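Colleague: So for the sequence shown, this note's numbering puts the first residue at 205; every next one is plus one.
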Amino acid sequence: MRVDKYLWCIRYYKTRSIATRACKEGKVRVNGDLIKPSREVYPTDTITLRKNQVNYELIVLDTPKSRLGAKLVDIYRKDTTPKEALQKLDLLKYSKDYYRKKGTGRPTKKDRREIDDWYDSPTDIDDEE
């Protein structure tokens, strides 16, 4: 099975064209090698893909016939992504909540006070040394 189709079938990408684009941009590796979207994957191959600033690692256990339901994905792949990478994803999610979206207008009075308090707060620099 083609690697772009495989990644689409096991629900790492929403559409097959997005999976193809990721392969062309060099975000997907099979056994450590950069690949084309047409590269065939076989059981025991190791796939590394970068998505949302996280490097996912998975091992191919089998190839599905078609796109799967989310509950059946673990039959066809083994996720070996390090825990630190998934914790990094949580940190990114929390950091995005703080920033205002572009085009939301001027800061409100409350936002302005919070910004001023943040700038006026003392830093943790050791001046006693």
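All C-beta atoms in this analysis are idealised placements derived from N, C-alpha and C, irrespective of residue type, glycine included. For clarity, every value in this text was computed on a predicted model and none was experimentally measured.
Between which two residues does the beta strand (DSSP E) containing T224 stretch?
Modeller: From DSSP, T224 is part of no beta strand (DSSP E) but of the alpha helix (DSSP H) over 220-228.
Colleague: Name the two residues that bound the continuous beta strand (DSSP E) containing L253.
Modeller: Run containing L253: 250-255, per the beta strand (DSSP E) assignment.
Colleague: Within 8 Å of any Cβ in chain D, is that where the Cβ of C227 sits?
Modeller: In summary, chain D is missing from the structure at hand, where a single protein chain is found.
Colleague: At which residues does the alpha helix (DSSP H) containing I263 begin and terminate?
Modeller: Run containing I263: none in the alpha helix (DSSP H); it sits in the beta strand (DSSP E), 258-264.
Colleague: Could you compute how far the alpha carbon of T250 sits from the alpha carbon of D294?
Modeller: 25 Å
Colleague: Does DSSP put R206 in a helix, a strand or coil?
Modeller: In the three-state reduction of the DSSP assignment, R206 falls in the strand class.
Colleague: How big is the Cα-Cα spacing for V234 and T308?
Modeller: 42 Å
Colleague: Once DSSP output is grouped into helix, strand and coil, what is the label at V245?
Modeller: Three-state result, V245: coil.
Colleague: Please report the distance separating the alpha-carbon of K231 from that of L276.
Modeller: 25 Å
Colleague: Whole angstroms is fine: what's the gap from V245's alpha carbon to L238's?
Modeller: 13 Å
Colleague: For the alpha helix (DSSP H) that contains D336, what are its first and last residues?
Modeller: The structure shown has nothing for residue 336, since the chain only spans 205 to 333.
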